Amino acid sequence: MRTYLVTGGAGFIGSNYIHYMFRKYDNEIRIINVDKLTYAGNLENLKDIENRENYSFVKADICDKEAIRKIFKDNDIDRVVHFAAESHVDRSIKNPEVFIETNVLGTATMLNAAKEAWEKADGTFAEGKKFLHVSTDEVYGSLPDDGKSFFYETTPYDPHSPYSASKASSDFIVKSYIDTYHFPANITNTSNNYGPYQFPEKLIPLVINNCLQGKELPVYGDGRNIRDWLFVDDHAKGIDMVQEMGTLGQKYNIGGHNERRNIDIIKTIIHTLQEILPDDDPRKANVSEDLITFVTDRKGHDRRYAIAPDKIKAEIGWFPETTFEVGIKKTVEWYLAHMDWMENVTSGTYQKYYEDMYSGR
Ligand code: NAD
Ligand code: TYD
Numbered sequence: 005m006r007t008y009l010v011t012g013g014a015g016f017i018g019s020n021y022i023h024y025m026f027r028k029y030d031n032e033i034r035i036i037n038v039d040k041l042t043y044a045g046n047l048e049n050l051k052d053i054e055n056r057e058n059y060s061f062v063k064a065d066i067c068d069k070e071a072i073r074k075i076f077k078d079n080d081i082d083r084v085v086h087f088a089a090e091s092h093v094d095r096s097i098k099n100p101e102v103f104i105e106t107n108v109l110g111t112a113t114m115l116n117a118a119k120e121a122w123e124k125a126d127g128t129f130a131e132g133k134k135f136l137h138v139s140t141d142e143v144y145g146s147l148p149d150d151g152k153s154f155f156y157e158t159t160p161y162d163p164h165s166p167y168s169a170s171k172a173s174s175d176f177i178v179k180s181y182i183d184t185y186h187f188p189a190n191i192t193n194t195s196n197n198y199g200p201y202q203f204p205e206k207l208i209p210l211v212i213n214n215c216l217q218g219k220e221l222p223v224y225g226d227g228r229n230i231r232d233w234l235f236v237d238d239h240a241k242g243i244d245m246v247q248e249m250g251t252l253g254q255k256y257n258i259g260g261h262n263e264r265r266n267i268d269i270i271k272t273i274i275h276t277l278q279e280i281l282p283d284d285d286p287r288k289a290n291v292s293e294d295l296i297t298f299v300t301d302r303k304g305h306d307r308r309y310a311i312a313p314d315k316i317k318a319e320i321g322w323f324p325e326t327t328f329e330v331g332i333k334k335t336v337e338w339y340l341a342h343m344d345w346m347e348n349v350t351s352g353t354y355q356k357y358y359e360d361m362y363s364g365r
């Protein structure tokens with residue numbers, strides 16, 4: 005049975021990945037989830053699987069060398085899937101320091117602990133051990149609004165925000181371990197994800213939440229910045245496929261040619277809510293394009309991101325299964341069915357959930 009060490013598994017993509025992996029492999033794998041439970045980590049995301057025999061949770065900071073070493077010591081880890089990070093660009097502009105600590109130093113800690121556990125006396129690595137570093141397309145910088153330039157794996161790095169610079173640094177550290185030690189790792193660079201369990205500071209859940217409360221929908225700048233949106237389950241599938249079928253040492257871009265302007269995303273959410281909400285739901289009256297409010301632009305706002313997924317398609321056969329129309333409807337429906345989740349993450353109640361659930365363990 006393969007044992008996975010997943011970092012940041014209580015966050016948005018990490019929790020969706022853990023769900024995906026148990027759906028796919030059921031009892032054939034064991035997952036240990038290590039998460040510090042920052043404001044973005046929520047154990048309620050994993051409530052339905054927390055009692056599985058083949059799942060365990062460790063509350064730890066990835067910068068805590070001893071805690072991470074102990075996990076490797078106590079368990080024969082076969083796969084590391086490293087999601088844990090500070091992930092929000094706006095927060096990185098306000099407070100870059102924690103991004104450097106977690107994203108750069110935390111990644112180095114994970115690499116060192118894995119290297120120590122997996123390296124043999126002759127400097128080679130035990131068979132079958134693999135580390136996957138989850139990164140972003142934001143490391144490549146910003147593309148012109150021309151619809152025909154794309155990010156390839158060979159595109160030079162040109163990060164602009166403290167978030168993307170910290171992710172770029174972490175990618176280079178992983179690359180250096182691959183190049184220097186032949187450390188068995190892959191790097192994936194993925195476009196903007198959307199789907200269930202995303203913290204409502206990111207565009208899509210923020211717009212859904214604000215619409216339902218009749219609050220203004222803040223559009224940065226002219227609203228014409230473009231992001232390349234990927235349904236989170238397709239990302240989870242891509243990570244698993246890269247780890248099992250990719251060439252060790254290689255990096256892969258994951259994205260599905262789904263470019264949208266922010267203003268169009270916002271309008272799509274408004275129309276989807278208008279379509280889904282029943283007429284007798286009092287929130288329906290709130291949902292209108294009148295809520296759209298143009299606000300001061302984000303500092304250093306990247307204009308356009310667009311992934312060329314040619315390599316992962318050709319080498320591994322990955323493709324996104326979920327069209328945007330289907331994915332956004334699923335996402336809006338999920339939030340409508342989980343308003344208690346939204347309430348809890350915005351009020352901080354989930355931290356209490358953790359205390360109740362894990363005190364004395
Ligand atoms: P998220 O903010 O929802 O979750 C991050 C998780 O990491 C949380 O559970 C948090 O508690 C945990 N964490 C933070 N600091 C930690 C620390 N020091 N020690 C242990 N755990 C810690 O982020 P996400 O959107 O799920 O992103 C996951 C990964 O995917 C990140 O590495 C991010 O850079 C990358 N990524 C995200 C996107 C996206 O659209 N969200 C796109 C491409 C790549
Ligand atoms: P975000 O979800 O923060 O992801 P990222 O910055 O990593 O791409 O933002 C997506 C886009 O939406 C980005 O161009 C910034 C814009 N945006 C707004 O216009 N208003 C908002 O309130 C937020 C959070 C983002």
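Under our numbering, residues 5 to 365 are what the sequence shown spells out, in order. For each residue, glycine too, the CB sits at the ideal point set by N, CA and C. Values in this document were obtained by computation on a predicted structure and should not be read as measured data.
Looking at Leu210, Val102, Ile332 and Ser174, the one whose alpha-carbon comes closest to that of Leu136 is Ser174. Secondary structure at Pro209: helix, using DSSP grouped into helix, strand and coil. Along the region 53-126, the beta strand (DSSP E) occurs as fully enclosed runs of 3 or more residues at 59-63 and 83-86, listed in sequence order. In this structure Arg308 is in contact with Ser146, their Cβ atoms being roughly 6 Å apart against a cut-off of 8 Å.
Residue environment: Val38 is assigned as buried (16 or more neighbouring CB atoms within 10 Å of its CB, all protein chains considered). By the C-beta criterion, the region 225-245 is judged not to be in contact with the region 274-291, since fewer than 3 inter-stretch pairs fall below 8 Å. Short of 8 Å from the beta carbon of Thr276, and not among the five residues preceding or following it, lie these beta carbons of its own chain, in chain order: Ile332, Lys333 and Val336. For Tyr256, the beta-bridge partners assigned by DSSP are Thr192. In this structure, DSSP gives Glu263 an extended state, which the three-state scheme calls strand. Of the candidates Asp80, Ala89 and Pro100, the residue whose Cα lies closest to the Cα of Glu120 is Asp80. In terms of CA proximity to Trp338, Tyr201 leads the group Ala44, Gly259, Tyr201 and Glu347.
The beta-carbon distance between Gly199 and Val138, rounded to whole angstroms, is 15 Å. This is too long to meet the 8 Å contact definition.
Contact fails between the region 105-116 and the region 213-224, because fewer than three Cβ pairs, one in each stretch, are under 8 Å apart. Going by DSSP, Asp232 is part of the beta strand (DSSP E) stretching over Ile230 to Asp232.
In the DSSP assignment, Leu136 falls within the unbroken beta strand (DSSP E) covering Lys134 to Thr140. Check the Cα spacing between Glu248 and each of His23, Arg27, Glu48 and Val84: the tightest is with Val84.
Rounded to the nearest whole angstrom, the C-alpha separation of Ala88 and Gly15 is 8 Å.
Looking at the DSSP output, Tyr8 shares a beta bridge with Ile35 and Arg83. The alpha-carbon separation between Ala318 and Asn257 amounts to approximately 12 Å. The C-beta distance from Ala112 to Ile177 rounds to 6 Å, short enough to meet the 8 Å contact threshold. Taking every protein chain shown into account, the CB of Lys255 has 16 or more other CB atoms within 10 angstroms, so this residue is buried. Take His305, set aside five residues on each side of it, and the residues of its chain with a beta-carbon closer than 7 Å to its own are Tyr224, Gly225 and Asn229, in chain order.
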